[in-house]
Amino acid sequence: MTPDDPWLGAVWPFVRGQLPPAPVTVLEIGCGTVGGFVPALLNSGYDAVGVDPEAPEGPDYRRIEFERYEPPQPVDCVVASLSLHHVADLDEALDRLKDVLVPGGVLVVVEWAWERFDEATARWCFDRLGPRAEGVEPGWLHKHQERWAASGQRWNDYCRTWAEQEGLHLGEAILRGLDARFDRQLNAEGPYFFPDLADTSEAQEQAAIDAGQIRAGGIRYAATRG
Numbered sequence: 000m001t002p003d004d005p006w007l008g009a010v011w012p013f014v015r016g017q018l019p020p021a022p023v024t025v026l027e028i029g030c031g032t033v034g035g036f037v038p039a040l041l042n043s044g045y046d047a048v049g050v051d052p053e054a055p056e057g058p059d060y061r062r063i064e065f066e067r068y069e070p071p072q073p074v075d076c077v078v079a080s081l082s083l084h085h086v087a088d089l090d091e092a093l094d095r096l097k098d099v100l101v102p103g104g105v106l107v108v109v110e111w112a113w114e115r116f117d118e119a120t121a122r123w124c125f126d127r128l129g130p131r132a133e134g135v136e137p138g139w140l141h142k143h144q145e146r147w148a149a150s151g152q153r154w155n156d157y158c159r160t161w162a163e164q165e166g167l168h169l170g171e172a173i174l175r176g177l178d179a180r181f182d183r184q185l186n187a188e189g190p191y192f193f194p195d196l197a198d199t200s201e202a203q204e205q206a207a208i209d210a211g212q213i214r215a216g217g218i219r220y221a222a223t224r225g
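Each residue of the sequence shown is one higher than the one before, counting from 0 in numbering that gives the first Met the number 0.
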């Protein structure tokens with residue numbers, strides 16, 4: 000089963016490809032309101048639990064911050080998708096990741112490096128936004144387009160101020176912290192924005208990255224605990 004959400008569906012093959020064969024225990028942190036990869040993991044034979052304060056109700060989810068969650072025993076795998084760049088204390092979260100994994104356990108991380116969101120990339124994204132739907136909350140890229148125009152700032156200044164206000168961690172800081180605690184198996188840059196763009200596929204965003212038109216904002220990382 001492939002997740003219905005465009006982002007989850009696009010990333011699922013990567014996540015699934017890094018995991019050992021089922022059945023093993025998998026903890027997904029930051030699974031969000033739709034349940035993240037947990038349904039697909041369960042359907043694939045994994046013993047999976049999703050942790051998030053806004054997780055769905057049900058026996059396969061725990062509505063709690065990851066930093067406060069105590070699994071019954073260490074798990075074989077942890078999946079963290081877009082959950083590390085906005086944690087309050089990055090070092091604490093990464094230490095917890097290591098603590099909940101068995102020795103030799105697998106960590107799969109999908110992240111965003113906001114510092115690569117430069118002006119050329121922003122304009123490329125804004126040019127591909129669909130019209131705002133009437134009565135619907137605008138998406139995050141629509142909001143940035145409007146707020147940047149209203150700010151009168153240069154894009155880099157606007158983006159840096161926003162990231163500081165949100166307390167976002169640099170993608171490079173996340174990678175350094177991961178490498179300090181785990182044995183890296185894979186690290187790749189790639190597309191990130193396509194699910195929020197109109198009529199733009201992952202392949203088209205990758206083509207723009209390859210052509211040097213935009214920067215690769217996505218991070219896909221896999222490691223083991225030594």
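Backbone N, C-alpha and C fix where the C-beta goes; we use that ideal spot for every residue, glycine too.
- Taking a 10 Å sphere around the C-beta of residue 179, we find fewer than 16 other C-beta atoms and assign the residue as exposed.
- For residue 185, the enclosing beta strand (DSSP E) covers residues 182-189.
- Linking residue 84 to residue 220 through their CA atoms gives a straight-line distance of about 14 Å.
- If you draw a straight line from the Cα of residue 104 to the Cα of residue 98, it is about 11 Å long.
- A direct Cα-to-Cα measurement between residue 31 and residue 211 gives close to 33 Å.
- Membership of residue 199 in any alpha helix (DSSP H) is not indicated, and neither H nor E is assigned to it by DSSP.
- Counting other Cβ atoms within 10 Å of its Cβ, residue 74 reaches 16 or more and is therefore classed as buried.
- With three or more CB-CB distances shorter than 8 Å, the stretch 13-22 counts as touching the stretch 39-56.
- Residue 219 is bridged by DSSP to 109 and 187.
- Scanning its chain for C-beta atoms nearer than 6 Å, with the 5 sequence neighbours on each side dropped, one finds around residue 144 the residues 125, in chain order.
- The C-beta of residue 2 has 16 or more other C-beta atoms within 10 Å across all chains shown, which makes the residue buried.
- For the pair residue 218 and residue 110, the CB atoms are nearer than the 8 Å cut-off.
- Partner residues in a beta bridge of residue 119, as assigned by DSSP, do not exist.
- The beta carbons of residue 162 and residue 123 sit about 19 Å from each other, so the pair does not count as a contact at 8 Å.
- Residue 178 has no beta-bridge partner at all, per DSSP.
- Per DSSP, the unbroken alpha helix (DSSP H) holding residue 160 starts and ends at 154-165.
- When C-alpha distances from residue 76 are compared across 57, 64, 53 and 37, the shortest belongs to 37.
- Under a 10 Å Cβ-count criterion, residue 96 is classified as buried, with 16 or more other Cβ atoms of the shown protein chains found around its own Cβ.
- In the structure shown, the three-state DSSP call for residue 94 is helix.
- In this chain, the alpha helix (DSSP H) harbouring residue 150 covers 139-150.
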